[in-house]
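J.: Have a look at the structure that comes next, please.
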Amino acid sequence: MSDLLSTSVSGLLAFQRALDVTSNNVANAATPGYSRQNVNFAERQAQSSPSGYVGSGVSVESVTRSYDELLAGQARSSQSGYSNWNTFAAQAAQIDNMLSDSTTGITASLQSFVNSLQNVANSPASTAQRQVAFSQAQSLAQQLQNYNQQLTTIGSGIEQTISSNIGQINTLASSIANLNGQISQGLASTGQTPNDLMDQRDSLIDQLSQLVTVNTATQSDGSMNVSIGTGQALVTGNASTRLTAFSSPYNASEHNIGIVSGGNTTDITSQISGGSLGGLLTVRSQVLDPTVNQLGQFSVGLATIVNQAQASGMDLTGATGQPMFAAGGVLSTPASTNMGSSTIAVTRGSLSALTADDYQLKMVGGTWKLTDVTTGQNVTMTGAGTAGSPFVAAGISIVVSGTANNGDGYSIRPTAGATAGLSVVLTSPTQIAAASAIQSVASAGNLGTGAVSSSSVTNPTQWPGGNFTISFTGSNAYKVLDSGGATVATGTYTSGSPIAFLGASVTLTGSPVTGDSFAVGPNNPSNTGDNTNAFAMVDALSASTLNGGTASLTGVANNLVSQIGVTTQQAQANASAQQSVNQSATDARNNLSGVNLDEEAAKMVQYQQAYQACAQMIQVSGTMFNSLITAIQNG
Amino acid sequence: MRISTVTFQNDSVNRMDDLQAALSKTQTQLSTGKKLQSASDDPAAMVQVNQLNVTISASTQYVTNGNAATANLQLEEQALSDATNTLQSARTLAVQANSPTLSAAQRQDIAQQLQQQLQDLISIGNRQDSNGNYLFSGTAAGTAAFAQSGNTVTYTGSSSVSQVQISGQQRISSGDTGASAFINIPAGNGTFTTSVGAANSGTASIGPGTVTNSSQWLPDTYTITFGTGGQYTVTNSGGTTVTSGTYTDGGSVSFNGIQVPLSGTPNATDTFTVSPAGKSSVFATLNSLITTLSSPGLSRAQIATQIGTGLEQIDAAVSNLGNVSASVGARLNSITSAQTTAKTVQTTLQGQISNLSNVDYTAAVTQLSTEELALQAAQASYASIAKLSLFNYLH
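Those sequence lines, one after another, are chains E and F. Counting from 1, one number per residue, gives the positions in the first sequence under my numbering. Counting from 636, one number per residue, gives the positions in the second sequence under my numbering.
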């Protein structure tokens, strides 16, 4: 009889515990990271009797989580992938949207500037049209500056987020380490798994995997080790290491990521992948920096092309054209780790050879080596690096002074700073050099029908100025004489083909005869209606002079828009694909670990009924006892 | 299969989120009329649209350029026509002045009228456009084309004219210099002039001649000297014999790519001269007519010869103005045809842009209603399924 009672009581207790667990499951149905708990019943040891073993009830052996480490790991890694691409796509879309407007974009503004130059060509003497062109030049420069400013803002937003992500990672790592300690202690002291602590830890690791890809390894004492990147330990047992964001040795405005161990910081920037941190690092190196550089290349191209054309012309006051635009210089930064006394001075040279890449100059084995950081390729330099013979490569000239130790280096960003420094340096619209710097006049005594079609300076650096004479020594042979009578060029004349000498080009038409001559000299300031150079400027602005003569300014701008568009499109597609993967992985995990209220309702009914039955058994045991007592009393 | 309650909730909400995002995107396309919102929607199309916009913008500018040039050329055309009329009046006056019945005083009156015509012509040459630029000064837009000192008129503009771009490939002169219209009027046949020796005693006369091979022509002053029996030699300015031959009445003399016809009989030692064509200025022509008509002491023959020369030069000037005017007309035609082409091209390109970037309303509206329907279905099914719970039946 006591068996009946104690068996029933064990049932009552077990089902009460089971109902507790069920109610806890129902209560936590919406708690993020909660794993539903199961009650594991076990038979109590049976008692032997002559008629065989008689069971002695039930006990609750353990309460365990429904949890699968593989599913949880898959959900986590897909979460890292998703937040990586999602962050990348969101940042890239900002740049994409900025560049995408076809009515106010760079190409449209450039064309407006070209159109305004055409209007200057239509009436070169009109100050009103010059004022319009001058304003267009300013607004083009301003627009490029605005773009650059927005990119800088996006960049500093990225840097701030990187820093705050690092802070979050550190907080999470130390909380995980703390929980590890509590879990191993709990497990050791009770032999039971502390389910709530383990859920908390999983939830923190989930949060961590949104920030960066993590690898986990469960230890026998119940603690979980967490590593990032290529195996850098973040949490080991109840200890965590700290990440730190520090200024890049080559670019103070960008943060690198280091792991602090034993007082030393190791740079692990290149090893970080996945999560929003990985997304930010890739968007910075693959979208933001290249956009700034290409915008810079456009700015350098604009300034170089227009300034060269200006130098070939004469402005409304009769003076030689002055530069219209100034672009920011080359950014060169010594590594903060340099030990030697060297300094470098970098200037831009050939526009055609200039790239939108970043470079690193490094002393290796006593020799300076130039590496294209963007492509990772070594770049061959000519020259000796001295002022007389600078290193020349990729459209830049480098003069090194002082002595460097091996390992000393410099970051060289040829175009990154160009747009920030872009401005219109002309002070008056009259300084737009619409007229050619030179004019050619047929001599009064010419007997042939030769006439001047056009005269222009094609290379202002070669043109020495002064007066020259094109003299015909036959009906189709000419020589060009300087003012001292020395021959500087000879050639065969074809009507309509330019006669080129010393950076100047003169086109004659008709049939000159022997003895005819044409005087070439500085243009007359009264030729205010001359628009030769305005056309030269218009032509130069659409010529393919960038990227080795393969791209025009419009081409560079279009290329930038399409490159960012494609990158953003891919990132959005990847984000959307990763979202599906993450959703199905999370669903798989939740389907195992999540609470199903119908199931809990059924269990509730089951346990409730069992509980009621056990109670009934106690009543039966009471009735039996009463029957026995009554029988004894009556007897 | 076991599905947790959280999965059901999450999936339902995610699906509704996605549908709402799609709806919002379609709605943005419909409200802006653009299916290309940013380059990432279709990078290739976006670049194409940018490029097409640039082409259209440039083409619009060429039309504007054409309009500016048309305005200038029409002013020039008007000026050339006015100048031609003035010269025709001057010609009529010169013909009147040639009448043998006129007295010196009457010729003086005509000279005064011609003086007025000269002034008119100068003022036509110095006309300005609406911006105050001189029409005939070439690139020296701010300098008057002609300067007058007494009756001597000199060209003070530049020797070149500015160009205007009327299409991607075509640049045309937006004007002509005063020198080419009024000063450099070719004399004779344009290559050389012929004259009769002052001391000739024979009856032979010489015609203006023609160029048979321009590449053989060497500009120089050549003298045709006759001997007896129609024999002649042609010598250049250095005295070197270029050719020689025998002349018969009505024949011609050919050398160095030119041919000059003669008629009548030359006597021995008669000479004829062939000189490179000079240029005559229409102002100088009028001026010498005025001088002739104002000089009372001239013989009738002298007056007739000089008026004859003047008339010839006026005719040459009118013909030159006609040539310049024809060239202006041709340029105006080029502009019109370039502008017509530009406008056609613009319409085509606008069509392409619209195909690439504008939303197809029918398709978009259909998509919108499909997405609306899907969202409604998702909401309705969620609302109905979410109500299902075993707890509802446990009382």
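Beta carbons: idealized from backbone N, C-alpha and C, even for Gly.
Please go through the same chain and pick out, in chain order, the residues whose beta-carbon is closer than 8 Å to the beta-carbon of residue 200 of chain E, but skip the five residues on each side of it.
T.: Same-chain partners within the cutoff: 33 and 179.
J.: So residue 951 of chain F packs on residue 910 of chain F, CB below 8 Å; how close in whole Å?
T.: With 8 Å as the limit, residue 951 of chain F and residue 910 of chain F do not qualify as a contact, their Cβ atoms being about 16 Å apart.
J.: In terms of residue numbering, what span does the alpha helix (DSSP H) encompassing residue 636 of chain F cover?
T.: Segment: none, residue 636 of chain F is in no alpha helix (DSSP H) and carries neither H nor E.
J.: Flag this pair as yes or no: are the beta carbons of residue 56 of chain E and residue 617 of chain E separated by less than 7 Å?
T.: No, Cβ-Cβ distance for residue 56 of chain E and residue 617 of chain E is not below 7 Å.
J.: With a 10 Å radius around its C-beta and 16 neighbouring C-beta atoms as the bar for buried, classify residue 745 of chain F as buried or exposed.
T.: Answer is buried; the Cβ neighbour count reaches 16.
J.: In angstroms with no decimal places, state the Cα-to-Cα distance between residue 787 of chain F and residue 820 of chain F.
T.: C-alpha separation (whole angstroms): 16 Å.
J.: Taking Cβ-Cβ distances shorter than 8 Å, what residues in chain E pair up with residue 986 of chain F?
T.: Neighbours of residue 986 of chain F on chain E: none; closest Cβ ~16 Å, over 8 Å.
J.: Would the region 753 to 766 of chain F count as touching the region 962 to 972 of chain F if we require 3 or more Cβ pairs under 8 Å?
T.: With the cut-off at 8 Å, the region 753 to 766 of chain F and the region 962 to 972 of chain F do not touch.
J.: Tell me, please, whether the CB atom of residue 1000 of chain F is closer than 7 Å to any CB atom in chain E?
T.: Judged by the 7 Å Cβ criterion, residue 1000 of chain F is not in contact with chain E.
J.: Going by Cα to Cα distance, which pick from F:707, F:678, F:1004 and F:1009 is closest to residue 662 of chain F?
T.: Nearest of F:707, F:678, F:1004 and F:1009 to residue 662 of chain F, Cα basis: F:1004.
J.: Below 8 Å on C-beta distance, what does residue 925 of chain F contact in chain E?
T.: By Cβ distance, chain E contributes nothing, its closest Cβ being about 25 Å from residue 925 of chain F, past 8 Å.
J.: Would you list the one or two residues that DSSP bridges to residue 313 of chain E?
T.: Its beta-bridge partners are E:436.
J.: When DSSP builds the beta bridges, which residues end up paired with residue 479 of chain E?
T.: Bridge partners of residue 479 of chain E: E:471 and E:490.
J.: Can you confirm whether residue 562 of chain E, when its beta carbon is compared against all beta carbons of chain F, has any partner nearer than 7 Å?
T.: Output row for residue 562 of chain E: interface = yes.
J.: Let me check understanding here. Comparing Cα to Cα, which of E:79, E:278, E:410 and E:255 lies closest to residue 578 of chain E?
T.: For residue 578 of chain E, the nearest C-alpha among the options comes from E:79.
J.: In three-state terms, what does DSSP make of residue 852 of chain F?
T.: Residue 852 of chain F falls in the coil class under three-state DSSP.
J.: Below 9 Å between beta carbons is the criterion; list the residues of the region 557 to 586 of chain E that meet it against any residue of chain F, in chain order.
T.: If the cut-off is 9 Å between Cβ atoms, the region 557 to 586 of chain E has 557, 558, 559, 561, 562, 563, 564, 565, 566, 567, 568, 569, 570, 571, 572, 579, 583 and 586 near chain F.
J.: Does the CB of residue 1026 of chain F have a neighbour CB from chain E at under 7 Å?
T.: At least one chain E Cβ lies under 7 Å of residue 1026 of chain F.
J.: In chain E, which residues lie with their C-beta within 9 Å of the C-beta of residue 848 of chain F?
T.: What residue 848 of chain F touches in chain E: nothing, since even the nearest Cβ is about 12 Å away.
J.: What's the C-alpha gap between residue 945 of chain F and residue 922 of chain F?
T.: If I take the Cα positions, the gap works out to 10 Å.
J.: Given a cut-off of 7 Å, decide if residue 536 of chain E and residue 456 of chain E are closer than it, judged by their beta-carbon atoms.
T.: The answer is yes: Cβ separation under 7 Å.
J.: Report all residues from its chain with a CB closer than 7 Å to the CB of residue 806 of chain F; omit the five preceding and five following residues, and keep chain order.
T.: 798, 799 and 800, listed in sequence order.
J.: Please list, in chain order, the chain E residues whose beta carbon lies closer than 8 Å to that of residue 646 of chain F.
T.: Near residue 646 of chain F (Cβ distances below 8 Å), the residues of chain E are 583 and 587.
J.: Quick one: does residue 529 of chain E have its CB under 7 Å from some CB of chain F?
T.: True, the Cβ-Cβ gap to chain F drops below 7 Å.
J.: Is residue 646 of chain E helix, strand or coil when you go by DSSP?
T.: Since the first residue of chain E shown is 1 and the last is 635, residue 646 of chain E is not available in this structure.
J.: Of all the CB atoms in chain F, is at least one closer than 7 Å to the CB of residue 118 of chain E?
T.: Yes, because at least one Cβ of chain F sits closer than 7 Å to the Cβ of residue 118 of chain E.
J.: Note the first and the last residue of the continuous alpha helix (DSSP H) segment covering residue 1006 of chain F.
T.: Element bounds for residue 1006 of chain F: 996 to 1021.
J.: Per DSSP, what kind of secondary structure is residue 391 of chain E in: helix, strand or coil?
T.: Three-state result, residue 391 of chain E: strand.
J.: Can you list, in chain order, the residues of its chain whose CB lies under 6 Å from that of residue 371 of chain E, leaving out five sequence neighbours each side?
T.: Once the five neighbours on either side are set aside, the close Cβ partners of residue 371 of chain E are 360 and 378.
J.: Ends of the alpha helix (DSSP H) at residue 363 of chain E?
T.: Per DSSP, residue 363 of chain E belongs to no alpha helix (DSSP H); it is in the beta strand (DSSP E), 359 to 364.
J.: Using a Cβ-Cβ distance under 7 Å, would residue 674 of chain F count as near chain E?
T.: Judged by the 7 Å Cβ criterion, residue 674 of chain F is in contact with chain E.
J.: Report the residue from E:148, E:234 and E:291 whose alpha carbon sits nearest the alpha carbon of residue 640 of chain E.
T.: Residue 640 of chain E lies beyond the range of chain E shown here (1 to 635); nothing can be said about it.
J.: Would you call the region 1001 to 1017 of chain F in contact with the region 652 to 662 of chain F, where contact means no fewer than 3 C-beta pairs closer than 8 Å?
T.: Enough Cβ pairs lie closer than 8 Å, so yes.
J.: Check whether the Cβ of residue 845 of chain F lies closer than 7 Å to any Cβ atom in chain E.
T.: No, residue 845 of chain F does not count as interfacial toward chain E.
J.: Is there a Cβ of chain F sitting closer than 7 Å to that of residue 597 of chain E, yes or no?
T.: Yes, residue 597 of chain E lies at the interface with chain F (some Cβ there is under 7 Å from its Cβ).
J.: Heavy atom of the ligand SAH less than 6 Å from the Cβ of residue 9 of chain E, yes or no?
T.: This structure does not include the ligand SAH; it has no bound ligands of any sort.
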